[in-house]
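Asks:
Chains as they are written, first to last, in my numbering: chain A, 7 to 393; chain B, 9 to 139.
1. Looking only at its own chain, which residues have a Cβ that is under 6 Å from the Cβ of residue 166(A), when we skip the five neighbours before and after it?
2. Which class does residue 20(B) belong to by DSSP, given the choice of helix, strand or coil?
3. What does the alpha-carbon distance come out to for the pair residue 4(B) and residue 152(A)?
4. Using a threshold of 8 Å, state whether the C-beta atoms of residue 209(A) and residue 154(A) are closer than that.
5. Taking C-alpha atoms, which residue in 102(B), 133(B), 64(B) and 84(B) lies nearest to residue 147(A)?
6. Within 10 angstroms of its Cβ, does residue 34(B) collect 16 or more other Cβ (buried), or is it exposed?
7. Just to confirm, does residue 59(B) get its C-beta within under 7 Å of one of the non-hydrogen atoms of the ligand MG?
8. Going straight from the alpha carbon of residue 130(B) to that of residue 118(B), what length do you get?
9. If we ignore side chains and look at the alpha-carbon of each, how far apart do residue 268(A) and residue 125(B) end up?
10. Can you check whether the C-beta of residue 104(B) is within less than 8 Å of a C-beta belonging to chain C?
11. I believe residue 224(A) touches residue 347(A) by the beta-carbon criterion, under 8 Å. Please report the beta-carbon distance rounded to the nearest angstrom.
12. Drop a sphere of 10 angstroms on the beta-carbon of residue 141(A), count the other beta-carbons inside from all chains shown, and report buried for 16 or more, exposed for fewer.
13. Can you tell me whether DSSP reads residue 135(B) as helix, strand or coil?
14. Interface residues of chain A around residue 67(B) at Cβ under 7 Å?
15. Can you find the residues in the same chain that come closer than 7 Å, C-beta to C-beta, to residue 301(A), ignoring five residues on each side of it along the sequence?
16. Please identify the residue among 169(A), 68(A), 118(A) and 30(A) whose C-alpha is closest to the C-alpha of residue 56(A).
17. Tell me which residue opens and which closes the alpha helix (DSSP H) that residue 335(A) is part of.
18. Any idea what DSSP makes of residue 21(A), helix, strand or coil?
19. Starting from residue 12(B), trace the alpha helix (DSSP H) both ways and give me its first and last residue.
20. Any C-beta of chain B within less than 7 Å: which residues of the segment 241-270 of chain A qualify?
21. Does any CB atom of chain A fall closer than 8 Å to the CB of residue 10(B)?
22. Should residue 236(A) be flagged as near chain B, meaning a C-beta pair shorter than 8 Å?
23. Taking its Cβ as the centre, do 16 or more other Cβ atoms sit within 10 Å of residue 52(A), making it buried, or is it exposed?
24. Output, in chain order, the set of chain B residues within a Cβ distance shorter than 8 Å of residue 143(A).
25. Mapping the DSSP letters down to three states, classify residue 227(A) as helix, strand or coil.
26. Starting from residue 179(A) and walking both ways along the alpha helix (DSSP H), at which residues does that stretch end?
27. Determine the DSSP secondary structure at residue 307(A), reduced to helix, strand or coil.
28. Residue 39(B) and residue 20(B) - do their beta-carbons sit closer together than 8 Å?
29. Can you pull the DSSP bridge partners for residue 219(A)?
30. Give me the chain B residues within the contact set of residue 199(A), using Cβ-Cβ distance strictly less than 8 Å, ordered along the chain.
31. Secondary structure at residue 158(A), three-state DSSP: helix, strand or coil?
32. Buried or exposed, going by whether 16 or more other CB atoms sit within 10 Å of the CB of residue 29(B)?
33. What do you get for residue 376(A), buried or exposed, if any count of 16 or more other CB atoms within 10 angstroms of its CB means buried?
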């Protein structure tokens, strides 16, 4: 298996982008990534695109064909990858496998979601389709309500507080204010979060990531050829992908995502690294409780201590591991299919030393963690600077 | 929802009909058609659960799914049944501030939602009053 590196990255701004269509978003991110890599469309061998639900959000399927067409790249092979909110992370993994196998050399991994054009049952209904329609959505469960069940249980078992969860949102909004591509540039306080309207108790509006539009792309190449394209290629040192049960009621635990633990174990093993060696991580904070559980499941602290670690500032600049310097899903925005790729874009910028005001000084090793549904899919990647 | 999609789950939704693995004895509600532990060695058969259990976690929903707007706020709970399996259900005959993790509940037959011309019935859970 060949080693694989990222040689170019590009992203759109995230937000409610009323003026941009699905196809404009993905072209914008793609062109930026190609320019960053210094290559042209003719150099690409294949595209993998992560998208959760074009069918529900914009009533458009056959998206891989649409993208190859509008990029002017027919008959280039283009494949759509779907794993709910982990579609982007999984597209990156499929692209990596395509290069690692020797099947292709230069491969683009893209992610895109256009959520603000939603029709019919709205975004709540579309997102609920990542849960179990027959036995969760049928009884009135929404996506936030399922994470609320995990939050309540985490509070019950470990004494995690609503203030600790609020601190995740406060930190991620503060980071987002330093990210020009982020949806939100407003700093918020713990009071703001605690006073925001209830969505599903104990989760409040400011515990939840927003509805967003956006796209992101990365360009992959065999590591041994990467220096031909850039002075700062970033190695994909490890990759892990695991599944768990679709529905929460079939899970072994409500306070741990076993899929995250398994995917992380695989990624750490492949990279030959341990959690303590990760300096910067983009984790899947679709809700504040999700970041607290993620830092536990990824091994940055013990199970049950995620709230405490957050409260002590160990996930902020100067802490043990800087978590979600991009602003995360909470502050940067969460166009579901784009998220997993956008996480990789941020880690590449951090490891190149190009992350501007949110730069984690001297970062050599970074991690991304992308979750589908309530934890039915998890994808973890570990990145490092090439010497 | 298309009518057949609701109709074919009626035995489970109205009568709590799940399944049980003949090989290991594990009970599945909602039903599974392959035992994850035994695979092809298992052999699942229909099995009706009693519908008694306790609350593992709960949430009061203020931002509802589209078909549940008239019911806001409503409580969703994860319930562990006596048979060992867990199921998600709305709580009824109680208020959010009264609910506690560990509380005993029983399943009752209730209207769940209206979707266009289909009225969906099924189970909700209500606290077992200890008197």
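Ideal Cβ positions, reconstructed from N, Cα and C, are used throughout, including at glycine.
Replies: According to the structure data:
1. 160 and 313
2. helix
3. Only positions 9 to 139 of chain B appear in this structure, which leaves residue 4(B) out of reach.
4. For residue 209(A) and residue 154(A), yes; Cβs fall inside 8 Å.
5. 84(B)
6. buried
7. The ligand MG is not part of the structure shown, which contains no ligands of any sort.
8. 6 Å
9. 44 Å
10. Among the protein chains of the structure shown, namely A and B, there is no chain C.
11. 6 Å
12. buried
13. strand
14. 151, 154, 155, 158, 206 and 207, listed in chain order.
15. 289, 307, 312, 315, 321 and 329
16. Closest option to residue 56(A), Cα to Cα, is 118(A).
17. For residue 335(A), the uninterrupted alpha helix (DSSP H) run begins and ends at 334-338, by DSSP.
18. Secondary structure at residue 21(A): strand, using DSSP grouped into helix, strand and coil.
19. Here the alpha helix (DSSP H) through residue 12(B) covers 11-15.
20. 254, 255 and 260
21. Not one chain A Cβ lies under 8 Å of residue 10(B).
22. no
23. It counts as buried.
24. 73
25. strand
26. 168-182
27. coil
28. yes
29. Beta-bridge partners of residue 219(A) (DSSP): 21(A) and 120(A).
30. By Cβ distance, chain B contributes nothing, its closest Cβ being about 16 Å from residue 199(A), past 8 Å.
31. helix
32. Around the beta carbon of residue 29(B), 16 or more other beta carbons lie within 10 angstroms, which makes this residue buried.
33. buried
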